[in-house]
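Numbering (UniProt numbering), first residue to last: 1 to 480. C-beta atoms are modelled at their ideal positions from N, C-alpha and C, and glycine is treated no differently. Note that the structure is predicted; figures quoted are calculated from it, not measured. Below is one structure, written out as structure tokens; the observations come after it.
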Amino acid sequence: MPAMASDQTAQTSPAAPLSAATHAAGAAELPDVQPFGASDKLSEVLTTPTGDMWPRPYFFEDGLRRVAPYHFTYHTWAKERWRGRKLIEIFEDEFRDRTLEYYRNAMVTGAIVVNGKAVGPDHVVKNGDLVNHTIHRHEPPVTGEPIRVIHEDDEMIVVNKPSGVPVHPAGRYKYNTLIEIMKAERGEHFLPYPCHRLDRLTSGILFIGKTPQAAVKLTAQIRAHTVRKEYLARVAGKFPDGEVVCDQPILQISPRLGLNRVRANGKSARTVFKRLAYYPPDSLDDSEAAQPKTPERLADEERRPWIKKEGYSIVRCLPLTGRTHQIRVHLQFVGHPIENDPLYANQRVWGINLGCNDSDAVENTDEDIMSRLERMGKQDIADAVAYHDELVDMYQKRRAEKLSGELCDICDTPLYTDPGEHELSLWLHSLRYEDAGGAWSYTSPMPAWALPPDGVNGPTEVGGLEELVGAVPDTDTKIA
């Protein structure tokens, strides 16, 4: 995590000395301004990078889309709890992803400034202070899979979002996001307007408005429950035959961590499930069983030892409400969690039964679950809760075992190895969006993990939504 809060604005420039970066961005020249690290006057007014990089600093390597490191400045107004405290104390307490020595040096050299001036670590923060922190930013890589267009007209683009790509800039991601990638592909004057949520790890259909008006129109349809959505999930074990309706309420037990579970006092939620296929253990692809037992795979099997024993099912999912993580939570509750879900299929967090039928929190209290989650390491958190900075921050702090042993030549930041599959994929796919009145319907291709294993017969396409919609009365499809 960058060492500033997520509610800040930010500016960027390529990875170059700041004075040169400012010129490259087209900013007005400032007299006698030096890059941070070259100043020995604490009262000197310092410049920070401005503008936006164009073209985008992408390059491809090992099947991943990468972003060349760049300078990035965070801006935040002093929070009430900061007032009257020394600057160094604030960074030591609240931004622990870097060392105290780094912060002291940054405050002396001007990488961290207050009201545009380098003030030193003992500066006492006051009401109205603006704190800026310029870092050399290293974005995580994402899949190099292209963003494929399913449909496009004058108002809307329907795309098939790859798994692992965030939609919006947030947390550690800015340029490696869907909207920034689309801008890079279509030109700097293209302004995409996403019409709905789709978590970073989830793949599939996403609507992008070409104008604010087009986005507002579709968003209104979704909120009015006149748009039906279908997902595919690969879940553990043999899912029951027929339509399965889960109408258990969902409660967010930790807004800070973005953690949800079925609880009797939660918000109303309903999901219709139907098994598309079941593949028992003896039908699994031999190549999967023959994969090398890497430390990552061994750790994965340790935390989910029950998965390989039961085979897996491909399940169609029709969410009739839109609670956060609704499909993941309901599948967990009915005893068939998504196989590679690093959060809701983790026995070290939820216990041996994974929260199955535990709506009253008898087996695991909310406090027990949150405590276990906060102690998890890299293999377990794995960015499971997208866009919740507190959780991702904890993940970063426990990521020492992923250090490559190399340092950045410019900022001496420890560099990490490439993300594993668990950080790039969740077996949950947004398959279909359609107008309830039949005006339009868009379907994305089935992902590779939903297709039959090699040499095994199974469905390679999905039928219509009628049988899922027919599983509940019309009045039940309009739950708020």
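How many Å lie between residue i and residue j at the Cα?
{"i": "Gly209", "j": "Gly187", "result": "16 Å"}
{"i": "Leu251", "j": "Cys411", "result": "42 Å"}
{"i": "Gly171", "j": "Pro69", "result": "16 Å"}
{"i": "Gly242", "j": "Gly335", "result": "16 Å"}
{"i": "Glu467", "j": "Lys229", "result": "14 Å"}
{"i": "Trp350", "j": "Leu320", "result": "26 Å"}
{"i": "Trp54", "j": "Asn364", "result": "50 Å"}
{"i": "Glu310", "j": "Glu421", "result": "22 Å"}
{"i": "Leu424", "j": "Val329", "result": "20 Å"}
{"i": "Ala184", "j": "Phe59", "result": "12 Å"}
{"i": "Arg85", "j": "Tyr103", "result": "15 Å"}
{"i": "Ile253", "j": "Asp122", "result": "38 Å"}
{"i": "Val113", "j": "Arg96", "result": "18 Å"}
{"i": "Ser313", "j": "Thr143", "result": "25 Å"}
{"i": "Arg234", "j": "Tyr344", "result": "13 Å"}
{"i": "Ile224", "j": "Lys267", "result": "A quick correction: the sequence has Ala, not Ile, at residue 224. Rounded to the nearest angstrom, the two C-alpha atoms are 18 Å apart."}
{"i": "Val67", "j": "Arg137", "result": "10 Å"}
{"i": "Ile150", "j": "Asp247", "result": "32 Å"}
{"i": "Asn160", "j": "Ala269", "result": "26 Å"}
{"i": "Gly204", "j": "Thr443", "result": "9 Å"}
{"i": "Asp52", "j": "Gly164", "result": "24 Å"}
{"i": "Phe333", "j": "Val245", "result": "12 Å"}
{"i": "Asp368", "j": "Ser430", "result": "32 Å"}
{"i": "Gly237", "j": "Arg263", "result": "24 Å"}
{"i": "Val119", "j": "Asn132", "result": "11 Å"}
{"i": "Thr99", "j": "Gly258", "result": "27 Å"}
{"i": "Leu465", "j": "Asp454", "result": "27 Å"}
{"i": "Val108", "j": "Trp77", "result": "20 Å"}
{"i": "Thr417", "j": "Leu407", "result": "12 Å"}
{"i": "Pro281", "j": "Phe273", "result": "22 Å"}
{"i": "Val124", "j": "Glu101", "result": "19 Å"}
Using the beta-carbon count (16 or more within 10 Å), is residue i buried or exposed?
{"i": "Thr226", "result": "exposed"}
{"i": "Asp341", "result": "buried"}
{"i": "Arg83", "result": "exposed"}
{"i": "Pro141", "result": "buried"}
{"i": "Pro459", "result": "exposed"}
{"i": "Ala200", "result": "Here residue 200 turns out to be Arg, not Ala, going by the sequence shown. Result: buried."}
{"i": "Trp427", "result": "buried"}
{"i": "Glu152", "result": "exposed"}
{"i": "Glu139", "result": "buried"}
{"i": "Pro194", "result": "buried"}
{"i": "Asn176", "result": "buried"}
{"i": "Val216", "result": "exposed"}
{"i": "Glu339", "result": "buried"}
{"i": "Ala448", "result": "exposed"}
{"i": "residue 484", "result": "One cannot answer for residue 484 here, as it falls past the ends of the chain, which runs 1 to 480."}
{"i": "His71", "result": "buried"}
{"i": "Pro192", "result": "buried"}
Quick one: does residue i have its CB under 8 Å from some CB of chain B?
{"i": "Asn260", "result": "Given the protein chain composition of this structure (a single chain), no chain B is represented."}
Which class does residue i belong to by DSSP, given the choice of helix, strand or coil?
{"i": "Trp54", "result": "coil"}
{"i": "Phe59", "result": "strand"}
{"i": "Asp366", "result": "helix"}
{"i": "Leu465", "result": "coil"}
{"i": "Glu230", "result": "strand"}
{"i": "Phe333", "result": "helix"}
{"i": "Pro121", "result": "coil"}
{"i": "Leu276", "result": "strand"}
{"i": "Glu243", "result": "strand"}
{"i": "Glu406", "result": "strand"}
{"i": "Ser313", "result": "strand"}
Return the bridge partner residues of residue i from the DSSP annotation.
{"i": "Ile338", "result": "Val235"}
{"i": "Ile135", "result": "Phe72"}
{"i": "Trp77", "result": "Leu130"}
{"i": "Met156", "result": "Gly209"}
{"i": "Pro319", "result": "Thr271"}
Any chance you could list the alpha helix (DSSP H) runs of at least 4 consecutive residues sitting entirely within the region 162–224, in chain order?
Fully enclosed alpha helix (DSSP H) runs of 4 or longer: 178–186 and 212–223.
Alpha helix (DSSP H) runs contained entirely in the region 420–455, provided each spans 4 or more residues:
421–424
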